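Here's the structure, in C-alpha cells; my notes come after.
2 protein chains.
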Amino acid sequence: MALIRSVFQDELDGVSQSLVDLSNMVSESIKKATHALLESDLKGAEEVITSDEKIDANQHELDSRIIDIIARQQPVASDLRALVTALRMSADLERMGDLSHHIAKVARLRHPANAIPAELRDLVNHMGTVAENISRKIAVVIETRDTAMALQVEKDDDEMDKLHRQLIGSLTDATWTHGVESAIDITLLGRYYERFADHAVSVSRRVYFLVTGTFAS
Amino acid sequence: MALIRSVFQDELDGVSQSLVDLSNMVSESIKKATHALLESDLKGAEEVITSDEKIDANQHELDSRIIDIIARQQPVASDLRALVTALRMSADLERMGDLSHHIAKVARLRHPANAIPAELRDLVNHMGTVAENISRKIAVVIETRDTAMALQVEKDDDEMDKLHRQLIGSLTDATWTHGVESAIDITLLGRYYERFADHAVSVSRRVYFLVTGTFAS
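Chains A and B, in that order, are what the protein sequence lines are. With the working numbering, letter number 212 in the first sequence gets 212, and the count goes up by one each step, no holes. With the working numbering, letter number 71 in the second sequence gets 288, and the count goes up by one each step, no holes.
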C-alpha cells in the first residue's frame, strides 16, 4: 500500500535531507566568506574556517551512512544509482565548503588590510551573491528535484563566468595599480568563486540526470 | 581452494587495472602538457586537450562498470568499501586529467609566445617532473598496494608545495618584470600543478586506508 512507507524509503529521504542541509551550510559559508573578504572581518573569516570542519565531518558521516545503506539494503539498480550519485554530490558540496574556506583564508592573510581594491568591491560582491544564490538553488533542486531550477543553475554559472572574465580583465587593464601580489590574490579568489559555481552545476546536473535520464544542455 | 578464482575477484582486479591504466594516461598527459608549456608546442598542447576526452570516456566506462558490479554482486562491506573507494579514485584521476588539460590550454593560448619566462623554466620543469613522478607512483600504489610508496607520495607532495611557494615567491619578488598578465598565467599554472599533486595524494591515501584501516599521517 502506498501509505506504508518502508524503512528504506525513509533512509533515502534522510540522505536527501542531509544533502540539503550540507548545501545550506555551504551557502552560509560562502556568504560569510565574501563578507569577511570585503569587510576585512577577521572574526568572520575564522568562523568560516572553523565551520568547514563541521561541513567535512557532516560529509563523512553522510558518506558512511550511504555506504551502510547500500550494504544493508542491496538496492536495485535505480536506487543504487541514486545513492552513488548522493556520494558524488556530497563530495561536490564538501569541495564547495573548502573553496569558501580558501576565500576566508585570503581575508585572514591580508587582515587588517583588505584583499579587494575599492574599484573591485562591487564585482567581488556580485560574485559572492551569485555563489550564495547558486548554492541556495541547489538545496532546492536536491529537495524538490525541480528540473527547471536545475537549468537556472546553469544560467547562474554563465553569469559567474562572465563576472570572472570581467575580474581577470580588470587585472590586465592598463589602469591596474595594485601590483602583482594583489593580482595573485584576485586571480586565486576569482578561481575559487568560479570553481564553487562549477561544483554547484555538477550537483544540479546530477539531479537532472537522475530525474530525466538525460543530460542538461 | 585458493587456486580457484571467482568471477567477482576477476572483476575487482579489472577495476584495479583500469585505475592503473587511468593513472598512466594521466602521467603521460601531465608530461606532455609540461613539455607543450615549456616548448610552446602547439601540436603537443592539442594532443593533451584531445587525450583528455579519452580519459573522461574511460573514467565513465569504469564508473558504470563499478556500479554494475555492486548491483550484481551485492558485495560484503569490505568489498563494497573498496569499490566505492575505486569510484572516488577514478574521480581524482579524471580531475588530474582536467588539470593537465588546463595547463595545455595555457600553452595553446600563449602560442607562439611562451607562457613561462626564461628564469622560471627550471622551476616549472621541476614541478612538471614531480607531477609526472607522483602520478607514476600512484599507478604502482594502486597496483601493488605498497604502503611505503604511498608515504613517498606524501613527500612528493611536500616537494610540490615547496616548489609552488617558490614560484609564487618569484612573482612577488621585486625583480619580476613580466607584468600582470604573465603573473596571472603563472599563478594559475602553479595552482594546477599543486592541485594535481593534491589529487594524487588523495588517491594514495585512499589506498593506504583500504590496506591499513588507518590514515596516513
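No residue lacks a Cβ here, since even glycine has one placed at the ideal position from N, Cα and C. Since we're looking at a predicted model, the values are computed, not measured.
- By the C-beta density criterion, B/Glu349 is buried, having at least 16 other C-beta atoms within 10 angstroms.
- By the Cβ-count criterion, A/Arg5 is exposed, with fewer than 16 other Cβ atoms from all chains shown falling within 10 Å of its own Cβ.
- Proximity of A/Ile70 to chain B, defined by a Cβ-Cβ separation below 8 Å, is satisfied.
- Assignment of B/Phe426 by DSSP, reduced to helix, strand and coil, places it in the helix class.
- For the stretch 165–188 of chain A, the residues whose beta carbon sits under 8 Å from a beta carbon of chain B are, in order, Ile168, Leu171, Thr172, Trp176, Val180, Glu181, Ala183, Ile184, Thr187, Leu188.
- When DSSP states are grouped into helix, strand and coil, A/Ile66 belongs to the helix group.
- About 5 Å separates the beta carbons of A/Ile30 and A/Ser100, which is inside the 8 Å limit, making them a contact pair.
- The beta carbons of A/Ala139 and A/Ser16 sit no closer together than 8 Å.
- In chain order, Ala33, Ala36, Leu37, Ser40, Asp41, Leu42, Gly44, Ala45, Ala115 place their CB closer than 8 Å to the CB of A/Ala107, counting only its own chain and leaving out the 5 sequence neighbours on each side.
- Under the DSSP assignment, B/Phe432 falls outside any alpha helix (DSSP H); it carries neither an H nor an E label.
- Taking the Cα of B/Trp393 as reference, the smallest distance to any Cα among A/Gln152, A/Thr175, A/Gly179 is reached at A/Gly179.
- Three or more beta-carbon pairs separated by less than 8 Å link the stretch 67–77 of chain A to the stretch 295–306 of chain B, which places the two stretches in contact.
- Residue state for A/His178 is assigned as coil, using DSSP reduced to three classes.
- Contact between the stretch 147–165 of chain A and the stretch 85–92 of chain A is not established, with fewer than three Cβ pairs separated by less than 8 Å.
- The count of Cβ pairs closer than 8 Å, one atom from the stretch 335–349 of chain B and one from the stretch 264–275 of chain B, stays below three, leaving the stretches out of contact.
- For B/Gln234, no CB of chain A lies under 8 Å from its own CB, so it is not counted at the interface with that chain.
- DSSP places B/His328 in the coil class of the three-state scheme, outside both helix and strand.
- One thing to note: A/Asp92 has its Cβ within 8 Å of the Cβ of A/His199.
- Approximately 15 Å separates the beta-carbon atoms of A/Phe196 and A/Arg205; this is outside 8 Å, ruling out the contact.
- Taking each of A/Val211, A/Tyr208, A/Leu189 in turn and checking the Cα distance to A/Ile103, the smallest one comes out for A/Leu189.
- The C-beta distance from B/Leu388 to B/Ser307 rounds to 34 Å, too long to fall under 8 Å, and the pair is not in contact.
- Residues of chain A whose Cβ lies closer than 8 Å to the Cβ of B/Gln226 do not exist; the shortest such Cβ separation is about 19 Å.
- Contact between B/Tyr425 and B/Ala367 holds, since their C-beta atoms are separated by about 4 Å, short of 8 Å.
- Within the stretch 270–303 of chain B, the residues whose Cβ lies closer than 7 Å to any Cβ of chain A are, in chain order, Ile284, Ile287, Ala288, Gln291, Ala294, Leu297, Arg298, Val301.
- Between the C-alpha atoms of A/Met96 and A/Val26 there is a straight-line separation of about 7 Å.
- Within the stretch 299–333 of chain B, the residues whose Cβ lies closer than 9 Å to any Cβ of chain A are, in chain order, Val301, Leu304, Arg305, Ala308.
- Less than 8 Å divides the Cβ of A/Gln59 from the Cβ of A/Glu94.
- A straight line joining the alpha-carbon of A/Leu163 with that of A/Val7 spans about 46 Å.
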